[in-house]
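To keep things clear, I will list the structure first and then write my remarks on it.
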Amino acid sequence: YLYISGNTTAMKALQLWPIMSCMTVLLCVVSGTLATSEDFYDLLDVDKSATTKDIRKAFKKVALKMHPDKNLDDPDADSKFIRINRAYEVLKDDDLRKKYDQFGEEGLEKNEFGQGYHSWNYYRDNFGIYDDDPEIITLSRTDFEASVTGSNTPWFINYYHPNCGHCHTLAPDWRWLSIELQGVLRIGAVNCDDEFHLCSEQGIRSYPTLLAYPGKDHFRLEKTRDNLVSFILGLLPTGLGIPVTAGVLFNMRQQQQQHEAATHRPWLLSVFHTTEQLADFRITLMKLAAIFSGVLKVGRVDCILDSAVCKKLNLTEPDESGAILLYYPQLPVMGNAVPILADTAQEAADTVLQLMPDVPLISAEEFKELHDAIVQKRALHNAWLVQFTSENDALDHEFRKVSSLSAPIPCHRVLCSTLSNNDCDQLYLHKTPAFVLFKPGGGYEIHQGRLLAQDIANFAREAAGAPHFRTLTPKEFPSVLSHDTHWFVDFYAPWCPPCMRLLPQFRKTSVLMQQHRSTTGKPVHFGIIDCTSHAALCSHFNIHSYPTTLFYNNTMPHQYSGHHTPQHMIDFIKDTLNPAVIVLTEGNFEELVLSRAASVIWVVDFFASWCGPCQAMAPEYRKFSREVSSRSDVLIGSVDCAEHRTLCSQQGVSSYPTIRLYSENQSPNHYSTYNDYSRSAASFKRWLYSQLPSAVSVINESSFESVLRSQQPWLIDFYAPWCGSCVHFAPQFEDLAKSLEGEVKLGKVDCDAHRWLCKGAGIRAYPTVVLYKGVSDARVAASKARQGMQQPSGETLDSLHPEAILSHVRWRLREHDAHRSKHNLNIPRDEL
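According to my numbering, the sequence shown is numbered sequentially starting from 1.
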């Protein structure tokens, strides 16, 4: 039997060629099925280790070849390209890529992303403007949150749109700037066509917009190369370095005698004998000060203003060729300088790095002594950074910055060949150089990022600040499976980009989780397992996609499938330890749900543990349960149909997930089914509240006048039914009605139906929440006329956050009551 759905061409073929075409159509259907199920990575011709930039470049290559504009003779060109575009839209997004890697296409919403595309010219001329520029970092939203948000690292970021002509005009200068300032700061670019939400969050309203971070300073000058360089260098805190005068030199030598350690950092001095030399060397000096920030001290000596210091350093002879650049291994002293001859700041920096000392090399005996001290918690420091090397490693002077940048964390270097206990093998170091951060008690982490000094130092500081976070191997993993422990374990692969983006967030979660110790009882330990090094272990526990995160609660594993943010992961741990969703089984479903009290409502999720969409929805369902947990009349439950098949069969559940609401005051089996496309906590909450009696009064022109005359305070939500934010806010307003019950009455006005009412109240945006505090007794007593009413405009609340509204309203009511009491005491009374 051959079943063809919706393929009219194939049906006609069957009618015309009853015998031969049967085989032809069968082949077409089979090949079509294969094409439909073709792996997204294969469609773009990339492997699973591809970075976001690799994926963009691969997509552009495929797009130029497969675009319908270039394949007019192919009737399926449109559907093929839509599928290619969908593959790109999924793989470029970390969250969607994770869902796809874990659940395949079943884990994605059917209509989600990639249904439209641009012209062929767009992909040729406008797509991926900076993808071929290694010095420019194209940032996704995830990259931005990990590398820019909350970081002190200087960034200069170009927010552009591919269809913007001015953006293309700026592109050559932006490329030049990235090379000109290489090593000075990080130059980034954000495609606002791809990253609309990120650009919106950053307040981008026009293109190109250039912002400097961490201060988020806006470049508003003419976009010339000189202006770009001067603007960003002027924002760097290092400036022109330290002005070295005779007084400064004297103080430094005094410190040398008192604190010898203070003199260990090298100096780079620029010496000027004319104002012209300073002007000519100004930009280079600012670059050098930024390049060596935290590594060595960059200073400047002006022999015109302070000839005494030049005399002390024997720098009295001017150099007519320009400024003099001198390197001092320690404090600037006469006869201890090495001249630096270079044409650019980058060349000067390379020369200086060659003169700087390597990371201190230690012997195997010293390594064992220091390692034992930190494992046994006898070390003076709470962390120790070690560079593991081999004799064949290429010489990289960049590492000479690490000791200074990672201070006060001590840093040493050791040769793997000198270690007798196969320490490098026990750490599963597959290549050198490798940087490992050891922690008290035996924990450690291996640096997985780029081998740049600043990145290594950042890793060391972040890892040192996460004492409950450690690397696990098959030797340590059994401790995870022991009773009476909580472990959150991330199974990852170093070649997996989403894994590398998750690691810093996972580490941050381990730190923040310790603040919730009161809710967990016992400490929650965090571990990571490299599945490339420990493939057998990962395979044994059925780990087939990365990253996979499991929370072990007393040996019982619970898989995490939510967003890779600390707050979402913390919520998952808390929900697992203190479940917000009631587990329903064949043993309790009848008693709890079907025999529920008349005033109780149940929302039940029928799911299967193997179902990808169910797992993808689970975090939102748990969040929904937490948000309605304050309501005693609503209970949230779930049934695992893989485990309780009979129960689900009896309830007529045939697809997953199926969400039902068992209403109050109804027959036991009466329910309504959730059919909305969106499976978010907000959508579930809106659906639930639409089934509940509202605690918010509907206000029209007539009842609004009663509100203005009322002594009772009112809180009114002015909304429009077409307004998405209004729809989202409505359930929160219902919650406020519950919280303020007995204190304030709540109402809502449909401004589409009552436009003149809203105009009279001064409403200009939706939703707008207005507080009417109520007329005082004195005003009512004074007059029954118009002056006894409140102003229609009331008090507009600035925030729509429920907690802020609740706090503000109660503060206003206390203030109003105090004023009303004082006012009423002053009303004249007679004794009768």
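Virtual Cβ for every residue (Gly too), placed ideally from N, Cα, C.
Under the rule that 16 or more other beta-carbon atoms within 10 Å means buried, what is residue i, buried or exposed?
i	result
N152	exposed
Q651	buried
G612	buried
L380	exposed
G774	buried
H486	buried
K53	buried
T555	exposed
K98	buried
Q277	buried
S140	buried
If you follow the alpha helix (DSSP H) that residue i is part of, which residue opens it and which one closes it?
i	result
P557	First-last for P557: 556-560, but that is the beta strand (DSSP E), not the alpha helix (DSSP H).
R622	612-627
T275	275-291
H197	196-201
K216	From DSSP, K216 is part of no alpha helix (DSSP H); its letter is neither H nor E.
Q505	497-513
T52	52-66
Q567	566-577
Q354	345-355
S672	No alpha helix (DSSP H) holds S672; the beta strand (DSSP E) holding it covers 671-673.
Less than 8 angstroms between the C-beta atoms of residue i and residue j, yes or no?
i	j	result
L233	I283	yes
A289	V298	yes
H468	S510	yes
G637	V581	yes
A460	F399	no
L746	L797	no
A616	S680	no
L427	S406	no
L833	P668	One cannot answer for residue 833 here, as it falls past the ends of the chain, which runs 1 to 832.
N665	A765	no
F624	C614	no
A695	H728	no
P494	Q567	no
L592	V634	no
A466	R507	yes
Y117	N71	no
L429	A463	no
D396	T432	no
V749	I699	yes
D173	L236	no
Contact check, residue i vs residue j under 8 angstroms by CB: the rounded distance?
i	j	result
C303	L285	15 angstroms between Cβ atoms; not a contact.
T576	D490	So it is not a contact: roughly 16 angstroms between Cβ atoms.
D343	T245	Not really, about 29 angstroms apart at Cβ, beyond 8 angstroms.
H558	F551	5 angstroms
R501	D94	6 angstroms
V148	Y100	That belief does not hold up - the Cβ atoms of V148 and Y100 are roughly 26 angstroms apart, past 8 angstroms.
L249	P332	7 angstroms
R265	S404	7 angstroms
R300	L240	6 angstroms
Considering just the uninterrupted stretch of the beta strand (DSSP E) at residue i, what are its terminal residues?
i	result
H486	486-492
R470	469-471
D717	714-719
K377	No beta strand (DSSP E) contains K377, which DSSP labels as neither H nor E.
H166	Counting along the chain, H166 falls outside any beta strand (DSSP E), though it belongs to the alpha helix (DSSP H) covering 165-180.
S739	Run containing S739: none in the beta strand (DSSP E); it sits in the alpha helix (DSSP H), 724-739.
A434	434-438
H412	411-415
G760	No beta strand (DSSP E) holds G760; the alpha helix (DSSP H) holding it covers 755-760.
T316	Taken as a continuous stretch (DSSP letters only), T316 belongs to no beta strand (DSSP E), as it is neither H nor E.
V836	There is simply no residue 836 to check, as the chain begins at 1 and stops at 832 in what is shown.
Residues in its own chain within less than 8 angstroms of residue i by CB, not counting five upstream and five downstream?
i	result
Y207	Y159, Y160, H161, C164, H166, C167, C192
A839	Any property of residue 839 remains undetermined from this structure, which presents the chain solely from 1 to 832.
Once the 5 residues before and after residue i are set aside, which same chain residues still bring their CB inside 6 angstroms of it?
i	result
D817	none
R470	G443, G527
K92	T52, I55
Which residues in the same chain as residue i place their Cβ atom closer than 7 angstroms to its Cβ, once the five residues preceding and following it in sequence are excluded?
i	result
T418	S363, A364
D790	Strictly speaking, residue 790 in this sequence is Gln, with Asp absent from that position. Here the set comprises L708, Y772, V775.
F231	F219, L221
R596	W602, Y662
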